[in-house]
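A.B. asks: Just dropping this structure here.
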Amino acid sequence: MAHVLPDSIRCRLGYLLAKTHQRQLKLFEAHTHGLSVSGRQYATLLALEANAALRQSDLAECLDLDRTTVTYLVDSLEERTWIERQRDPADRRAQIVRMTDAGIDALAAIRPAARAATQELLEPLDEDEQAQLRALLARLLP
Numbered sequence: 031m032a033h034v035l036p037d038s039i040r041c042r043l044g045y046l047l048a049k050t051h052q053r054q055l056k057l058f059e060a061h062t063h064g065l066s067v068s069g070r071q072y073a074t075l076l077a078l079e080a081n082a083a084l085r086q087s088d089l090a091e092c093l094d095l096d097r098t099t100v101t102y103l104v105d106s107l108e109e110r111t112w113i114e115r116q117r118d119p120a121d122r123r124a125q126i127v128r129m130t131d132a133g134i135d136a137l138a139a140i141r142p143a144a145r146a147a148t149q150e151l152l153e154p155l156d157e158d159e160q161a162q163l164r165a166l167l168a169r170l171l172p
C-alpha cells in the first residue's frame with residue numbers, strides 16, 4: 031500500500047523548499063551528466079568568474095561553506111586544471127584562487143546545461159511567476 035504524506039507536512043514551507051532544492055539538484059545532475067560537475071563546483075566557478083581572484087577563505091565566505099569543504103572543492107577543481115592556487119604575497123599563509131583558461135572554457139560548457147536544468151524546474155511557471163518567485167526567495171535571504 032502506498033503511503034501518502036499528510037498536508038500538514040506537504041504544505042510546510044521547509045518541506046516545499048527542501049523538495050524543490052532536491053529536484054533542482056537532480057535536474058542539474060541530469061543536464062550536466064556528461065560534464066561531471068557538481069553544483070558546488072559550478073557555484074565555485076561562478077564566484078571566481080564574478081571576482082576574478084579570491085583568497086580561499088573569502089571564497090568560503092562567499093559560498094557560505096566551511097573552509098574544509100572549500101578546500102576539497104578547490105582541490106578537485108585544481109586537479110581538473112579549472113582553477114589555480116597561489117600563495118598570497120601579502121600573507122603567505124593565505125591562498126589566492128583564480129580560474130584558468132580551462133576553467134573559463136568549462137564554465138562556458140556547463141552554463142547552458144545549468145540553465146536548461148533551471149528552465150525545466152520552472153517550466154510550470156510563466157515568466158512573470160518565475161520573476162516573482164526569484165524576487166520573493168531573494169527577499170528571504172540575508
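Taking the working numbering, the leading residue of the sequence shown gets 31, the next gets one more, and so forth. A virtual CB, placed ideally from N, CA and C, is assigned to each residue, including glycine. Since we're looking at a predicted model, the values are computed, not measured.
Just to confirm before moving on: does the CB-CB distance between V104 and R115 stay below 9 angstroms?
C.D. replies: Start at 1 with the first residue of the sequence shown, and residue 104 comes out as number 74. Start at 1 with the first residue of the sequence shown, and residue 115 comes out as number 85. Yes; because the gap between Cβ atoms is below 9 angstroms, this pair is in contact.
A.B. asks: Report the option in I39, V67, E153, L155 whose CA atom is closest to the CA atom of E109.
C.D. replies: Translated into positions along the sequence shown, residue 109 becomes position 79. Among I39, V67, E153, L155, the Cα nearest to that of E109 is on V67.
A.B. asks: With 16 other CB atoms within 10 Å as the buried threshold, where does Y102 fall?
C.D. replies: Residue numbering aside, residue 102 sits at position 72 when the sequence shown is read from its first letter. With fewer than 16 Cβ atoms within 10 Å of its Cβ, Y102 is classed as exposed.
A.B. asks: Between the Cα of W112 and those of Q149, Y45, P172, A139, spot the shortest distance and give me the residue it belongs to.
C.D. replies: In the sequence shown, counting from the first residue as 1, residue 112 sits at position 82. Measuring from the Cα of W112, the nearest candidate turns out to be A139.
A.B. asks: Would you mind giving the Cβ-Cβ distance between F58 and A147, rounded to the nearest angstrom? I have them listed as a contact below 8 angstroms.
C.D. replies: One-based indexing of the sequence shown puts residue 58 at position 28. One-based indexing of the sequence shown puts residue 147 at position 117. Correct: roughly 4 angstroms between the Cβ atoms.
A.B. asks: So, with DSSP's three-state summary, where would you put L84?
C.D. replies: As a first step, residue 84 must be located in the sequence shown, where it is residue number 54. Strand.
A.B. asks: Could you check whether A82 and R141 sit closer than 9 angstroms to each other, using their CB atoms as the reference points?
C.D. replies: Within the sequence shown, residue 141 is the residue found at index 111, counting from 1. Within the sequence shown, residue 82 is the residue found at index 52, counting from 1. Not closer than 9 angstroms, so no.
A.B. asks: What residue does the beta strand (DSSP E) around R128 start on, and which one ends it?
C.D. replies: Position 98 of the sequence shown, counted from the first residue, corresponds to residue 128. R128 -> beta strand (DSSP E) spans 121-129.
A.B. asks: Excluding sequence positions up to five away, which residues of its chain have a Cβ less than 8 angstroms from the Cβ of T50?
C.D. replies: Counted from its first residue, the sequence shown places residue 50 at position 20. Hits under 8 angstroms: L151.
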